[in-house]
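Residue numbers (my numbering), protein chains in the order written: chain U, 49 to 377; chain W, 49 to 377; chain V, 49 to 377.
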């Protein structure tokens, strides 16, 4: 599921060639002719995909994993084999997968990306608009914006000056404020014998309708899948939203909040100023994070958490009161 | 008091028409012909204004409230009536007031805003300068700056590249660093049956003399009044200053500080790195906020507060020491 | 050691003239003809330099201090005299030194700075490139970048749009992301009878090879020396790195981290999201700062610190558990 507006896939290769490239043996006979087309995340993988499994905590994703091949460790290989995927055993599956991703997928559309700029759009003459960009009627693009190749922006959006959009599709009625960055590569590193390197990001940012992104806020694109911001999400200034985050409808996010990779935030949540969330955390619908909350565990729907580390607010208030009392003695 | 450099007021309307628009009844006879000219904040409202009162905690502002009409709830209407203002009863006065504000005031000067660029100013040829901008002698405006229509900048200022200024008046000798954003709309949402929407901002940013604003810092404009930054205030990088904040002379604000809406910071205060302040908080003259302080209550003049939630620093140090001692047992 | 690509030194002056300018007496006879060439930091000062010593906690730097003259207080003058440097006694040595620095060194190269843009570099036509800039082969400079006079960038770098670089030398294979600011003046104020003023910054930013700087991150240049970011350091978005910080090889810094002035971070450290460090702190090789850690004391090599104020993580976890237990009673 590569978006051809943004990326080009290299030629499909037989599994035997992939194994050879990775410097590993193919331990299952007769599978060498299976064709590998693209790299995918474990939980979303399909026949024709290569994926990887290196962290036992992600075991739950094996249920929906259906790749042809799965890079893994010797220890985890039996779990992979049980799913019917062909395990390829490697010392560092994550780094090897990152290298393979970079080999199989390139940034930039293969042909010409398709786009159409509406005659009803108002684009500042200084803005830099890439090939195949779509911009809808009633949308205003400000001075010195950079809208990279293949991006689409819906109707009636306001894109303030200095906004940078790449690898993203933006819906209708959105307001992107001065100097926001949408679609940068996420912060993910791997290390192999050649050194530390950036994990290639081949995903997108999907921004639905009536979304607001504040000044100087950053929304990174997904690594393999998408970073998704649903309808009516409102985000204030200087907020960091990492790769593969998903934010539900109507959620409000105050200034200087930070959301780490792969978090899932529900609908109608409220994240007060400076709250932050560790990676892979789920925040249920309607949950509230108090100002400064440092969330390290899932927050159930409707609950309000506070404190660093964050806990239910009553518990946090009791902690604060207890410590105050004890300190007075 | 709308600044005609930035905004245009629609025609004044009789109170009866306003009530009709809002879908509410005018319960005081004979008042329908009173003329409503502009929307104003409760505490600064004058005859000819419409304002709103929906939060009992703001009751103190009724003392100086002198609008012709005041949107309010059924419950609070008697308090409004006592002041002599005419109450208009609504389910959600804040949202209705926001809608009215958007109806009565438009962004953009009605005529041509007045401005004069001094021959002694140095403006990079790539900078985008709106109509009616004033720039004083000795001021340098860097590459790719966007100075929006109606803005004034005094003499001997240094405006570094990528600075975006709108709805603002800047004094003399200021230094605005790379990529700062001054005058964006504040983060305020209201919700009515049509959905969540941005509360219109019809105020300004007033920056006095010798002020420094750091790189990528954001100073939002006031909603109805002004965000005010007094003489000799020095602000570091990546700082968020929300709408309607006021900062007194000579106050220093370190990197990554966040100040929420409507805070009043005194003179010669010191806000250390990463300190943050909840909305509507007062910080007295000469107060110090330690690094990371999360301020939820007013800080008296001259005091030093620390911790999250912030408290007098001695109390905080005692808390830290107490917990350390108890944990060792 | 002024970098002539960026700064011009005024004429060398005899010590007697310097003392006269500062309004102080030269108490050591015969020294008035000694020549002062440039201002330097205490620990790096050499014959021909003027430096200052006003904070007893920096006493350790006297060991390597070897300036001709040293601005100091009456109380500290004996310590200065012991080193063989000539003490100049002032009420506010730091402010006087800042004034002198501004007098002796000017921004901008005296001649034409030397630079060469490789024919193998790809520079977006909208980018603003100063005089004497060097850009290596294979380096891509994006739209609306500002590369100020005298800067050098190595080979195979990716400089995304809206990046601002000044007073900096960047190595090979670096990736500077959208809207990063490198080389701004640090946040340092002094006050004398003329008021509060910025301390002049006459240092640089030195970025070695394969460094990544995230979107909207700010790296301030050194005041007298350099801010140094070593090979393979990877920095995420919205990070603040203050003047004179040094970061060792392979260290990773997550989003929204803040590092105050003059910190020394070791090799292969990990600074998790939102961690922050007070000024003049040392972080040993391989140390880990947990998310939100607020570091106020040195962290030994290999240790993991957590909490605000930060402490060894086991201690922090014990604190959290203890308070939880006590609150339940």
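We treat Cβ as the ideally placed atom computed from N, Cα and C, and that holds for glycine.
Bear in mind that the values here come from a model prediction, so they are computed numbers and not experimental data.
Asked	Found
Rounded to the nearest angstrom, what separates residue 176 of chain V and residue 133 of chain W at their Cα positions?	57 Å
Using CA atoms only, rank isn't needed, just tell me which of U:99, U:104 and U:152 is closest to residue 135 of chain U.	U:99
Pull out every residue of the stretch 239 to 251 of chain V whose Cβ sits closer than 8 Å to any Cβ of chain W, in chain order.	243, 244 and 246
Report yes or no: is there a C-beta of chain W within less than 9 Å of the C-beta of residue 315 of chain U?	no
When you compare only the Cα positions, how much space is there between residue 81 of chain U and residue 75 of chain U?	13 Å
So which of V:347, V:324, V:351 and V:97 has the shortest CA-CA distance to residue 339 of chain V?	V:324
Any beta carbon of chain U sitting closer than 9 Å to that of residue 374 of chain V?	yes
Between the stretch 333 to 349 of chain V and chain U, which residues of the former have CB atoms less than 7 Å from a CB of the latter, in chain order?	339 and 340
Give a yes or no on contact between the stretch 233 to 244 of chain W and the stretch 266 to 285 of chain W, applying the rule of three or more CB pairs nearer than 8 Å.	yes
Can you find the residues in the same chain that come closer than 7 Å, C-beta to C-beta, to residue 117 of chain V, ignoring five residues on each side of it along the sequence?	63, 66, 84, 98, 133, 134 and 136
Here's a check: name, in chain order, each residue in its chain whose Cβ is nearer than 6 Å to the Cβ of residue 215 of chain U, leaving out the five neighbours to either side.	54, 231, 252 and 269
Determine the extent of the alpha helix (DSSP H) in which residue 363 of chain V is found, giving its start and end residues.	361 to 376
Would you say residue 263 of chain U lies against chain W (beta-carbon separation less than 9 Å)?	yes
Let's test the definition: count the other Cβ atoms within 10 Å of the Cβ of residue 89 of chain U and tell me whether it reaches 16, buried, or not, exposed.	buried
State the beta-bridge partners of residue 95 of chain V as determined by DSSP.	Residue 95 of chain V pairs with nothing; no bridge assigned.
Excluding five sequence neighbours on each side, which residues of the same chain lie with their C-beta closer than 6 Å to the C-beta of residue 357 of chain U?	342 and 344
In the DSSP output, what is residue 222 of chain U paired with across the bridge?	BP columns for residue 222 of chain U are empty, so no partner.
Output, in chain order, the set of chain V residues within a Cβ distance shorter than 7 Å of residue 371 of chain U.	371
Compute the distance between the beta-carbons of residue 168 of chain W and residue 184 of chain W, then report whether it is under 9 Å.	yes
Can you tell me where the alpha helix (DSSP H) holding residue 149 of chain W begins and where it ends?	141 to 152
In chain W, what lies closer than 8 Å to residue 368 of chain U by C-beta?	357
Do we get a CB-CB distance below 9 Å when we pair residue 312 of chain V with the residues of chain W?	no
Apart from the five residues just before and just after residue 181 of chain W, which ones in its own chain have a Cβ nearer than 6 Å to its Cβ?	163, 195 and 199
With 16 other CB atoms within 10 Å as the buried threshold, where does residue 73 of chain W fall?	exposed
What does residue 288 of chain W reach in chain U if we use C-beta pairs closer than 7 Å?	285, 286, 303 and 304
Could you work out which residues of chain V lie near residue 210 of chain U, taking near to mean beta carbons separated by less than 7 Å?	210
Using only CA atoms, which one of W:248, W:262, W:282 and W:125 lies nearest to residue 297 of chain W?	W:282
Could you give the residue range of the beta strand (DSSP E) that holds residue 136 of chain V?	134 to 137
For residue 151 of chain U, which of U:224, U:247 and U:172 has the nearest alpha-carbon?	U:247
How many angstroms separate the CA atom of residue 202 of chain W from the CA atom of residue 278 of chain W?	14 Å
Check this for me: beta carbons of residue 190 of chain V and residue 207 of chain V, under 9 Å apart or not?	yes
Under the rule that 16 or more other beta-carbon atoms within 10 Å means buried, what is residue 227 of chain U, buried or exposed?	buried
Which of helix, strand or coil does DSSP assign to residue 108 of chain U?	helix
Quick check on residue 191 of chain W - is its C-beta less than 9 Å from some C-beta in chain V?	yes
Who are the neighbours of residue 300 of chain V on chain U, taking C-beta pairs under 7 Å?	237
Start and end of the alpha helix (DSSP H) containing residue 129 of chain V?	125 to 130
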